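Position one of the sequence shown corresponds to residue 52 (my numbering), numbered consecutively onward. For each residue, glycine too, the CB sits at the ideal point set by N, CA and C. Owing to the predicted nature of the structure, the values given are computational and were not obtained by experimental measurement.
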Amino acid sequence: MGPGEPTPGLPPRARARATWVLIAARAGYSYNWFDVGPALPRIGATFGVGPADWGLLVAAFLVGAGAFQVPAGFLARRYGARSLSLLGLALLAAAGVGGAFSPSFDLLLASRVVAGAGAGLFFSPAIGLVASLFPPGRRGVPVGAFSSAFSAGAAVGVLGTALLVPVVDWRAALAIGGLGLAALTAVAAFAVPRSAGAAPPRPARPRAGLPAALRFRGVWAIGLAFVGFEGATFATGQFIVPFGEAVRGWTAAVAGGVGMMFVLPSVLGGPIGGSLAERRPDHRTQMLVVTLAGASVLALVPFAGLAAAVLIGSVFSFAYGFVYAVMYVVPHFWPNVPAEEIPLAIGLFNALQLAGGALVSFGFGWLVAVRSYSFAWEALAALQAATLVALLALPPTSSAGRRVAGAPVPGAGPSR
């Protein structure tokens, strides 16, 4: 049984428990991703650094996460999705606590790279792990809910840290996130059955050549097409609170509330996108239209007051949740990619997006420093739309391509 194949003989109660715990772990993972954003001004004051270095700090996490996406796919094939997901969570939690005690900005940067590495080891195996709990035709909603839990955790991270930092300072705020994730990791170790996401049997003869997931052009197309969206999501999530405080004059609580609306509504977008992707095969159109809608509203941020900013954030966040849920369902419709290589496929396109997103996040901070927030927001929206041209290389999917448990994969050789 590979990481992307359904777990046999799993009772419904055990399946539901494992799914909800993994959703909670996904939220805790994203909390520790976004809790730095509201703390950036205090971090800057502590270490004497400005917006350009803030962008570097945001990018550091993305560098670590991007670098370990593809290795995570290979390691999941060897050691199983469950083991690798738990290892990634533990590493992210430890780095979150460690970052809180960093005596210098350089060490804080290093801790964010390590935290990103933990995130990279967790995410793509965990997607395969959630999918493996359900048979074909029933994966869309749980995968979409798992994807959207990212935004729930990010929303709590943005608002919670914005409220905590003025009271307990940024170090304690980061430590709280790391300790909370450590507790969730311990719960997941007991709640997720060992049979779920187990390592597939080792073949007698290793399969020759590159894995199909690395050769399939659809993986590369998705990875490149959403570099702009990935960068826009992380830049808005980390910079909207400092922007609100510095440019709009909002209080920390108000700015944190607006920041929450730039991530929370994707909790709705994920299940809707996942369900639609499972039922309708026009995935390229779904992702293109909704991403362009998100880019259009993002361009209005420099002109928005409080109420308009909340509306913009809601539309942008819903679009993000929708598109990424579709993105994580699509590999299950690719008959040329074996089931056990789905985490590797997701890991590869995530790595491309995170690498590009790191550059975009750094570039956003640099533009703020040398030009203005307004110019940076407009450039971000334009880039989000521009990278979509890569979708021209995405092969169309059809309902006939939906993965069926036990079905042979054309050209894939024996199951591993």
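For my contact list, residue i and residue j are in at a C-beta cut-off of 8 Å; report their separation, rounded to the angstrom.
i	j	result
residue 403	residue 274	3 Å
residue 309	residue 388	Their Cβ separation, rounded to whole angstroms, is 40 Å, which puts residue 309 and residue 388 out of contact at 8 Å.
residue 177	residue 383	Contact flag wrong, Cβ pair sits at about 15 Å.
residue 143	residue 83	6 Å
residue 175	residue 123	5 Å
residue 350	residue 429	6 Å
residue 444	residue 268	6 Å
Taking 7 Å as the threshold (C-beta atoms), are residue j and residue i in contact?
i	j	result
residue 137	residue 247	no
residue 270	residue 396	yes
residue 243	residue 64	no
residue 151	residue 222	yes
residue 345	residue 306	no
residue 282	residue 412	yes
residue 198	residue 80	no
residue 110	residue 433	no
residue 200	residue 94	no
residue 164	residue 398	no
residue 228	residue 85	no
residue 372	residue 321	yes
residue 392	residue 263	yes
residue 213	residue 303	yes
residue 324	residue 377	yes
residue 215	residue 224	yes
residue 193	residue 70	yes
residue 348	residue 226	no
residue 131	residue 172	no
residue 96	residue 417	no
residue 100	residue 156	yes
residue 191	residue 326	yes
What is the residue span of the alpha helix (DSSP H) that residue i lies within?
i	result
residue 438	It is not in any alpha helix (DSSP H) - residue 438 carries neither H nor E in the DSSP assignment.
residue 332	Counting along the chain, residue 332 falls outside any alpha helix (DSSP H), and DSSP gives it neither H nor E.
residue 116	102-118
residue 174	156-183
residue 305	303-312
residue 83	63-85
residue 91	91-98
residue 247	No alpha helix (DSSP H) contains residue 247, which DSSP labels as neither H nor E.
residue 359	357-380
With H, G and I counted as helix, E and B as strand and the rest as coil, what does DSSP make of residue i?
i	result
residue 446	coil
residue 288	helix
residue 137	helix
residue 189	coil
residue 293	helix
residue 277	coil
residue 122	helix
residue 317	helix
residue 398	helix
residue 385	coil
residue 262	coil
residue 268	helix
residue 222	helix
residue 300	coil
residue 152	coil
residue 131	coil
residue 199	helix
residue 539	No information on residue 539 is available, as it lies outside the stretch 52 to 467 that the chain covers here.
residue 350	coil
residue 425	helix
- Message: If contact is defined by three or more beta carbon pairs under 8 Å, each pair taking one atom from either stretch, is the region 327-338 in contact with the region 439-448?
- Response: Yes, the region 439-448 touches the region 327-338.
- With a cut-off of 8 Å, do at least 3 Cβ pairs link the region 312-327 to the region 417-427? In this structure the region 312-327 does not touch the region 417-427; the number of beta carbon pairs closer than 8 Å is below three.
- Item | Inter-stretch contact (C-beta, 8 Å, three-pair minimum) for the region 344-357 and the region 230-238 | With a cut-off of 8 Å, the region 230-238 and the region 344-357 do not count as touching, because too few Cβ pairs lie within range.
- Task: Take every Cβ of the region 98-117, pair it with every Cβ of the region 163-173, and state whether three or more of those distances are shorter than 8 Å.
- Result: A contact between stretches requires three or more CB pairs, one per stretch, nearer than 8 Å, and the region 98-117 meets this requirement with the region 163-173.
- Message: Across the region 214-233 and the region 359-374, are there enough close Cβ pairs to call them in contact, namely three or more that are closer than 8 Å?
- Response: Cβ pair count under 8 Å is below three, so no.
- Query: Taking one C-beta from the region 88-103 and one from the region 284-292 each time, how about it: are there three or more such pairs within less than 8 Å?
  - Reply: Segments in contact, yes.
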